[in-house]
Amino acid sequence: LEQPVSGERRSQASLRGSRPRCLETGCLRRAVMWRFLRTVLALLLALAWQHASQAKTVRPSSRRGLGQLSTFATAALAKAHAALAVEKAYPVELNTAVDGVMPTGRQAARAAALARAKAAESGPNKIYGETEKLITMREMRQPSPLAGPSVNVLGMSLSAVDAGGTLMWAVAIFFGIPSPLLFVGVTEGLDVRFSHRVELWLATLLGKGEEQWATDRAEGFQAEAPLPYTAAVAAACVPVGFVVDQATTFMVSGDHGWSASLGTCAAIAALFLEVGRPKRLSREEKEMRDTLWQDFGDFAQLRLVRKTGGVHVSDVIKSFRKTNIRYIGSQRASDTDIEDAVRSWYQGSLSNAGFLRDVVLLSETDSMERANRILQEVEEKRTRSA
């Protein structure tokens, strides 16, 4: 006949096959080493306080500081002795036998921890029992009550924290997580959003790479993708964010809050990068800029001379607008666009007040004389070549 199994033996059998992380032999060694170092530190501070009390050359403020350190050392030493006393009362041995079986390795550490927790719960110190309950709840993958209501999806218990973490990771992936090289000044490739690259790849995959917006993006211009492409990429970022959230949760020992916090930090960094991302020019804006720079080059050839002196950038902009009828108003080009053309021609940094050093603006009469000289030189070159 099959003998009935007691509740205690059933609980031990169910917990024996689990894999604890904080009750392994390495953790126990680190705990013992920490207690030893804390004891040595307490003894050293006590000796320093005794030496300072006997010495007459120590300042009173230093003596008081050593006294406070000595008090802290005494308390730490008392805690260390109390911990050692508990270890002696409930020792952790790796040769503890459970149900007549001598386990080894992790199972032995687990069985010893269970025995110590059971003995400690019956005494005045119950911290081991509470710790064991928390470890058991984590290993059984029971959701924490602080995580909010949970929903069972495909056999997985997902809480509101999981949903928030998934959303934050999805936002970070959609906009693109900043590269660590950004903090050392490497900004190459940051002018393109990650989702824009995926949209272009999706259009190429569907055979729509010849559309105008896809062609403009491939050539480095700014272009907005149709709404279905953006919606498809945003929807694809959600399952990817879920996978990243679950992987991060696994790496931090099942703490869903840590994963959600890391996802929030990544989303904030991605949004800051999106706000400060350099904007690309569209094809029309690029053509207008090239035309403006060419017109300003012709104007500078007649009106600007590089010699000792200086001229303010606002005077250059006013003279350029008077000379070219197309740029009289601000509809075709703004002052900022013309200033960019000035900086491109000048190939140097303006002064803090906005002056171009070693550049002189000629008057209309001088510019006409200069134009006539240029025409004469051109005619002489044609005559010589003929």
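Residue numbers (our numbering): 4 to 389.
Cβ coordinates follow ideal geometry from the N, Cα and C atoms, glycine included.
Since we're looking at a predicted model, the values are computed, not measured.
With DSSP as the reference, please indicate the residues paired to V236 in a beta bridge. Position 233 of the sequence shown, counted from the start, is the residue given in the question as residue 236. Its beta-bridge partners do not exist; DSSP assigns none.
In the DSSP assignment, the alpha helix (DSSP H) including F358 goes from what residue to what residue? In the sequence shown, residue 358 corresponds to position 355, counting from 1. Element bounds for F358: not the alpha helix (DSSP H) but the beta strand (DSSP E), F358 to R360.
Going by the DSSP bridge assignment, what does G313 pair with across the sheet? Counting from 1 along the sequence shown, the entry for residue 313 is found at position 310. Beta-bridge pairing links G313 to R360.
Indicate whether L359 and V316 have their beta-carbon atoms separated by less than 8 Å. Walking along the sequence shown from the start, residue 359 turns up at place 356. Walking along the sequence shown from the start, residue 316 turns up at place 313. Contact: yes.
Does the beta-carbon of E383 have 16 or more other beta-carbons within 10 angstroms, so that it is buried, or is it exposed? For the purposes of this step, residue 383 is identified with residue 380 of the sequence shown, where counting begins at 1. Burial call: exposed.
Could you say which of D369, V345 and A273 lies nearest to S182 if we only look at CA atoms? By 1-based counting over the sequence shown, the position of residue 182 is 179. Of the listed residues, the one whose Cα sits closest to S182 is A273.
Can at least three beta-carbon pairs, one atom from the segment 168 to 175 and one from the segment 255 to 275, be found at a separation below 8 Å? Yes: at least three Cβ pairs fall under 8 Å.
So, do the segment 336 to 346 and the segment 272 to 286 have three or more beta carbon pairs nearer to each other than 8 Å? no
For L365, which residues in the same chain have their Cβ closer than 8 Å to its Cβ, ignoring the five residues on either side in sequence? The count along the sequence shown starts at 1 and reaches residue 365 at position 362. Excluding sequence neighbours, L365 sits near L305, R306, L307, V308 and R373.
Taking C-alpha atoms, which residue in G332, P242 and V195 lies nearest to G407? Outside the displayed range of the chain (4 to 389) lies residue 407, so it cannot be described from this structure.
Going by beta carbon distance, what residues of the same chain come within less than 8 Å of G223, once the five residues before and after it are set aside? Position 220 of the sequence shown, counted from the first residue, corresponds to residue 223. Counting only Cβ-Cβ distances below 8 Å, and skipping sequence neighbours, we find R283.
Can you tell me the Cβ-Cβ gap for A263 and V164, rounded? I've got them flagged as a contact below 8 Å. On the sequence shown, position 260 is the one that residue 263 refers to. On the sequence shown, position 161 is the one that residue 164 refers to. Their Cβ separation, rounded to whole angstroms, is 5 Å, which keeps A263 and V164 in contact under 8 Å.
T164 bridges to which residues according to DSSP? As a first step, residue 164 must be located in the sequence shown, where it is residue number 161. The sequence shown places Val at residue 164, not Thr. DSSP output for V164 lists no bridge partner at all.
Considering only the beta carbon of each residue, do G300 and D361 sit closer than 8 Å? Along the sequence shown, read from residue 1 onward, the residue named residue 300 stands at position 297. Along the sequence shown, read from residue 1 onward, the residue named residue 361 stands at position 358. Against a cut-off of 8 Å, the Cβ pair of D361 and G300 comes out as no contact.
Tell me, which residues are paired with V308 by DSSP? Against the sequence shown, residue 308 aligns to sequence position 305. Answer is V363.
Would you be able to state if there are at least three C-beta pairs under 8 Å between the segment 229 to 236 and the segment 196 to 211? yes
On the three-state DSSP scale, how would you describe K289? Position 286 of the sequence shown holds residue 289. The answer is helix: DSSP assigns K289 an H, G or I state.
If we ignore side chains and look at the alpha-carbon of each, how far apart do L230 and D219 end up? Numbered from 1 along the sequence shown, position 227 holds the residue referred to as residue 230. Numbered from 1 along the sequence shown, position 216 holds the residue referred to as residue 219. In a straight line, the C-alpha of L230 is about 17 Å away from that of D219.
Between R376 and the rest of its own chain, which residues show a CB-CB distance below 6 Å, the 5 nearest in sequence each way excluded? The residue given as residue 376 occupies position 373 in the sequence shown. Excluding sequence neighbours, R376 sits near nothing in its chain.
Burial state of L26 (16 or more Cβ within 10 Å): The residue you call residue 26 lines up with position 23 of the sequence shown. Any answer about L26 is weak, because its pLDDT of 42 lies below 50 and its placement is not dependable; what the coordinates show is given next. Burial call: buried.
Endpoints, the alpha helix (DSSP H) within which I341 is located: The sequence position of residue 341 within the sequence shown is 338, counting from 1. From DSSP, the alpha helix (DSSP H) with I341 extends over D338 to Y349.
Taking the CB atoms as reference points, tell me whether V2 and K310 lie closer together than 8 Å. Missing from the structure shown is residue 2; the chain here goes from 4 to 389 and no further.
In its own chain, which residues sit with a C-beta less than 8 Å from the C-beta of N327, not counting the 5 before and 5 after it? As a first step, residue 327 must be located in the sequence shown, where it is residue number 324. So the list reads D298 and F302, once near-sequence residues are dropped.
Report all residues from its chain with a CB closer than 6 Å to the CB of M171; omit the five preceding and five following residues, and keep chain order. As a first step, residue 171 is located in the sequence shown; it is residue number 168 there, counting from the start. The beta carbon of M171 is closer than 6 Å to those of G266, T267 and A270 in its chain, skipping five residues each way along the sequence.
So, with DSSP's three-state summary, where would you put E213? Stepping through the sequence shown from its first residue, residue 213 is reached at position 210. Here E213 sits in coil by DSSP.
Put F253 into one of helix, strand or coil per three-state DSSP. Taking the first residue of the sequence shown as 1, we reach residue 253 at position 250. Reduced to three states, the DSSP call for F253 is helix.
Cβ-Cβ distance between G3 and H259 below 8 Å: Any answer about residue 3 is impossible in this case: the structure gives the chain only from 4 up to 389.
Three-state secondary structure (DSSP) at E227? In the sequence shown, the residue the question calls residue 227 occupies position 224. When secondary structure is reduced to three states using DSSP, E227 falls in the coil class, being assigned neither helix nor strand.
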